[in-house]
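Those letters in the sequence shown? Residues 23 to 223, per our numbering, in order.
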Amino acid sequence: MKFELPKLEYEYNALEPFIDEATMKFHHDKHHQAYTDKLNAAMEKHPEINVRSAEELLINLDSVSEDIRTIVRNHGGGYINHNFFWKILKANTEISGKIKKEIQKKFESFDKFQEDFTNASLGLFGSGWVWLVLNNKKLEIVSTSNQDSPLSFGKIPLLTIDLWEHAYYLKYQNRRADYVNAFFNVINWEQVEENYANAIK
Ligand code: MN
Numbered sequence: 023m024k025f026e027l028p029k030l031e032y033e034y035n036a037l038e039p040f041i042d043e044a045t046m047k048f049h050h051d052k053h054h055q056a057y058t059d060k061l062n063a064a065m066e067k068h069p070e071i072n073v074r075s076a077e078e079l080l081i082n083l084d085s086v087s088e089d090i091r092t093i094v095r096n097h098g099g100g101y102i103n104h105n106f107f108w109k110i111l112k113a114n115t116e117i118s119g120k121i122k123k124e125i126q127k128k129f130e131s132f133d134k135f136q137e138d139f140t141n142a143s144l145g146l147f148g149s150g151w152v153w154l155v156l157n158n159k160k161l162e163i164v165s166t167s168n169q170d171s172p173l174s175f176g177k178i179p180l181l182t183i184d185l186w187e188h189a190y191y192l193k194y195q196n197r198r199a200d201y202v203n204a205f206f207n208v209i210n211w212e213q214v215e216e217n218y219a220n221a222i223k
C-alpha cells in the first residue's frame, strides 16, 4: 500500500500572519513529504500488510512487523499527524455547536481551556504534539512525544498543535508561546466539531 502526501486544501499563505507561508511550504513540502516517503519505504518491505488507512497501522502498532514497527511509529505517525494537522487549520472560523458546550463543561470556560492547552504546549519538553482528544468519551488534553499518535493509546484526536521547532522556528524562533498564541487564531473549529461528531458516534 502506497501512501500519498495530501495537497493542502488552502494556499500556503492562507494562515498569514499567524503561520507564515515559508513555514507552511517547508513543513508540508519537505517535512511531511519525508515522513510519507519513509513510511512508504518501510511498507515496501512488507507488501503483505493490508490496511485501509495509515491510521489503522498506528491503532494496531503491535501487529506491525517488528522490523518496521519503529519506522511506522515515527514516520507513519508523522504522516497521519500532519494529515490531521493541516485539516484543523483555517482562518476565521469560530467555535460553536456541541464542541463549544463540551469544552465549556469540561474546562469551565473557553479561556480556561486555552490556558490549559497553552500550558501543556509550553510544558512539553523536546519535540512532540499537544492534543485535545476524546478518551473514554471524555475530553482530555494530552501530550505525545516525537510523532506518537494518540490513536496508539486508544484516544481519538479532535485538535492538535505541532510543537516541533520546524513548525514555528522560521517565524517565531524560540518564542514558542507566541506561536501557541497565534495558533488559536487559525483553528478550524468546523473541522474540530466534525471530528467530535465522528468521535462520539
Ligand atoms: Mn511537523
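C-beta atoms are modelled at their ideal positions from N, C-alpha and C, and glycine is treated no differently.
First and last residue of the uninterrupted beta strand (DSSP E) at residue i
| i | result |
| --- | --- |
| N168 | That residue, N168, is in no beta strand (DSSP E); it is neither H nor E in DSSP. |
| T182 | 178-184 |
| V152 | 150-157 |
CA nearest to the CA of residue i, picked from the options
| i | options | result |
| --- | --- | --- |
| A219 | L161, A56, H97 | L161 |
| I117 | T45, R91, N210 | N210 |
| G99 | K122, E38, W151, K112 | W151 |
| N207 | T115, A142, R74 | T115 |
| A189 | E31, L30, I41, Y32 | I41 |
| I121 | F205, N72, F132 | F132 |
| W108 | H50, L79, N217 | H50 |
Contacts around residue i, its chain only, beta-carbon distance under 7 Å, and the 5 residues preceding and following it disregarded
| i | result |
| --- | --- |
| V155 | E162, V164, P172, K177, I178, P179, L180 |
Beta-carbon contacts of residue i that lie in its chain and below 6 Å, excluding the five residues immediately before and after
| i | result |
| --- | --- |
| I93 | A64 |
Same chain, Cβ closer than 8 Å to residue i, five either side skipped, listed in chain order
| i | result |
| --- | --- |
| Y101 | F25, H54, Y57, T58, L61, A76 |
| N72 | M23 |
Unbroken alpha helix (DSSP H) run spanning residue i, endpoints
| i | result |
| --- | --- |
| D133 | 132-145 |
| R95 | Careful: R95 lies outside any alpha helix (DSSP H) and carries neither H nor E. |
Nearest-residue set for ligand 1, Cβ under 6 Å from any heavy atom: H49, H53, H104, D184, W186, H188, A189
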